[in-house]
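*Asks:*
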Amino acid sequence: MKAVLSAVFAVLIVSSMATVCMGYPTYELGVTEGDWVEYDVLEAENYEFFAEIHSGDKLRFEVIGIEIQERMYPNGTVLFEVEAPVCEIFLNGEHIRSNVTLGEMIFCPKGEEHWRSLDKIEDVWKIEAPEYGTKYESNMTFGRDTVFFSCAMEGAVSGGTEQIVHKDTGIALEFERYTYARENRTGYHLHICDTNVPGVLASWYITYWYLIVLLAAVSFLAFVALLKGWYRKGKSDG
128 MKAVLSAVFA VLIVSSMATV CMGYPTYELG VTEGDWVEYD VLEAENYEFF AEIHSGDKLR
188 FEVIGIEIQE RMYPNGTVLF EVEAPVCEIF LNGEHIRSNV TLGEMIFCPK GEEHWRSLDK
248 IEDVWKIEAP EYGTKYESNM TFGRDTVFFS CAMEGAVSGG TEQIVHKDTG IALEFERYTY
308 ARENRTGYHL HICDTNVPGV LASWYITYWY LIVLLAAVSF LAFVALLKGW YRKGKSDG
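Residue numbers (my numbering): 128 to 365.
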């Protein structure tokens with residue numbers, strides 16, 4: 128069963144729709160060859176990401192090429208195309224897989240237009256999923272700097288995905304995927320920890336704003352105490 132669930136995930140991750148077709152809008156990645164991103168594995172349960180991963184592991188994805196993939200309605204009608212990254216994958220510093228083409232997982236097209244087009248496909252899937260013996264739900268929310276996307280299906284094999292994507296670069300800040308059949312469950316949760324792409328990670332002064340405020344408050348109180356000390360000393364000397 129574990130092998131079956133891993134195979135299901137592999138199909139979801141490594142897209143097979145890589146044929147080039149002209150005449151459709153093509154949404155570009157926000158990264159280029161040479162860009163990379165690293166993730167902390169916050170949780171991992173019975174999952175093999177080309178190698179078995181565990182909580183506390185670190186995954187690194189390096190972009191070495193770009194392909195074009197189609198995105199279709201359930202009936203096979205192509206709606207748009209996306210640039211998809213070809214990656215080298217590392218686990219805890221060890222190279223584990225070469226030339227892996229990823230779908231919209233770690234590196235997504237930049238901006239909102241891709242997501243709005245994808246939402247049209249999602250709406251159709253919600254309606255037609257029962258014809259395939261499943262129930263399907265999805266949600267998409269746009270923030271100022273991020274896009275939140277989640278989906279879940281229920282059927283013989285149930286599962287879901289949640290991701291938070293940095294809008295301008297298309298890089299996933301968090302990615303979670305799980306699946307289960309009866310009592311068997313597998314999944315993982317990734318959180319970004321480093322990248323060479325500028326603008327993705329919060330600047331240190333944003334990340335540690337509370338420490339700056341605390342330091343400023345302590346400095347101010349110390350200065351006030353010092354002034355009071357000088358004032359009292361001046362009065363006593365007078």
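Virtual Cβ for every residue (Gly too), placed ideally from N, Cα, C.
Which runs of the beta strand (DSSP E), 3 residues or longer, sit entirely within the stretch 151-177?
*Replies:* Qualifying beta strand (DSSP E) stretches, in chain order: 163-172.
*Asks:* Since residue 304 is in the beta strand (DSSP E), which residue starts that stretch and which ends it?
*Replies:* One-based indexing of the sequence shown puts residue 304 at position 177. Run containing residue 304: 299-308, per the beta strand (DSSP E) assignment.
*Asks:* What's the call for residue 235, buried or exposed, on a 16-neighbour Cβ count within 10 Å?
*Replies:* Counting from 1 along the sequence shown, the entry for residue 235 is found at position 108. The residue in question, residue 235, is buried, as its Cβ has 16 or more Cβ neighbours within 10 Å.
*Asks:* Using the three-state DSSP reduction, which class does residue 321 fall into: helix, strand or coil?
*Replies:* Position 194 of the sequence shown, counted from the first residue, corresponds to residue 321. Of the three classes helix, strand and coil, the one that applies to residue 321 here is strand, per DSSP.
*Asks:* Return the residue from the list 213, 301 and 247 that minimises the CA-CA distance to residue 275.
*Replies:* Indexing the sequence shown from 1 puts residue 275 at position 148. Nearest of 213, 301 and 247 to residue 275, Cα basis: 301.
*Asks:* Put residue 256 into one of helix, strand or coil per three-state DSSP.
*Replies:* On the sequence shown, residue 256 is found 129 positions in, with the first residue counted as 1. Helix at residue 256.
*Asks:* When DSSP builds the beta bridges, which residues end up paired with residue 273?
*Replies:* Counted from its first residue, the sequence shown places residue 273 at position 146. According to DSSP, which records beta bridges pairwise, residue 273 is partnered with 293.
*Asks:* DSSP on residue 195, reduced to helix/strand/coil?
*Replies:* Residue 195 sits at position 68 when you count from the first residue of the sequence shown. Residue state, collapsed to three classes: strand.
*Asks:* Under 8 Å, with one C-beta from each stretch per pair, do the stretch 162-175 and the stretch 303-317 reach the 3-pair mark?
*Replies:* Contact between the stretch 162-175 and the stretch 303-317 is present, because at least three Cβ pairs lie under 8 Å.
*Asks:* Are the beta-carbon atoms belonging to residue 158 and residue 298 less than 9 Å from one another?
*Replies:* Taking the first residue of the sequence shown as 1, we reach residue 158 at position 31. Taking the first residue of the sequence shown as 1, we reach residue 298 at position 171. Yes, they are a contact pair.
*Asks:* Quick one: residues in its chain with C-beta nearer than 6 Å to the C-beta of residue 308, no 5 flanking neighbours on either side, listed in chain order?
*Replies:* Residue numbering aside, residue 308 sits at position 181 when the sequence shown is read from its first letter. Within the same chain, residue 308 has close Cβ partners 284.
*Asks:* Using the C-alpha atoms, what's the distance from residue 182 back to residue 197?
*Replies:* Along the sequence shown, one-based indexing puts residue 197 at 70. Along the sequence shown, one-based indexing puts residue 182 at 55. If I take the Cα positions, the gap works out to 33 Å.
*Asks:* Give me the Cα-Cα distance between residue 267 and residue 162, rounded to the nearest whole angstrom.
*Replies:* To locate residue 267, count along the sequence shown from 1; it is residue 140. To locate residue 162, count along the sequence shown from 1; it is residue 35. So the alpha carbons of these two residues sit roughly 26 Å apart.
*Asks:* Quick check on DSSP: helix, strand or coil for residue 186?
*Replies:* On the sequence shown, residue 186 is found 59 positions in, with the first residue counted as 1. Residue 186: strand per DSSP, three-state reduction.
*Asks:* Pairing CB atoms from the stretch 219-239 with CB atoms from the stretch 256-265, are three or more of them under 8 Å?
*Replies:* As far as the Cβ criterion goes, the stretch 219-239 does not touch the stretch 256-265, which means the pair count is below three.
*Asks:* With 16 other CB atoms within 10 Å as the buried threshold, where does residue 174 fall?
*Replies:* Position 47 of the sequence shown, counting from 1, holds the residue named residue 174. The residue is buried, with at least 16 neighbouring Cβ atoms inside 10 Å.
*Asks:* The beta strand (DSSP E) spanning residue 218 covers which residue range?
*Replies:* If you number the sequence shown from 1, residue 218 lands on position 91. Start and end: 205-218.
*Asks:* Which residue from 255, 156 and 295 puts its Cα closest to that of residue 272?
*Replies:* Position 145 of the sequence shown, counting from 1, holds the residue named residue 272. The shortest C-alpha separation from residue 272 is found at 295.
*Asks:* State yes or no: is the C-beta of residue 282 within less than 9 Å of the C-beta of residue 304?
*Replies:* Mapped onto the sequence shown, residue 282 falls at position 155. Mapped onto the sequence shown, residue 304 falls at position 177. It is not a contact, given that the beta carbons lie outside the stated cut-off.
*Asks:* How is residue 316 classed by DSSP in three states: helix, strand or coil?
*Replies:* Against the sequence shown, residue 316 aligns to sequence position 189. Three-state result, residue 316: strand.
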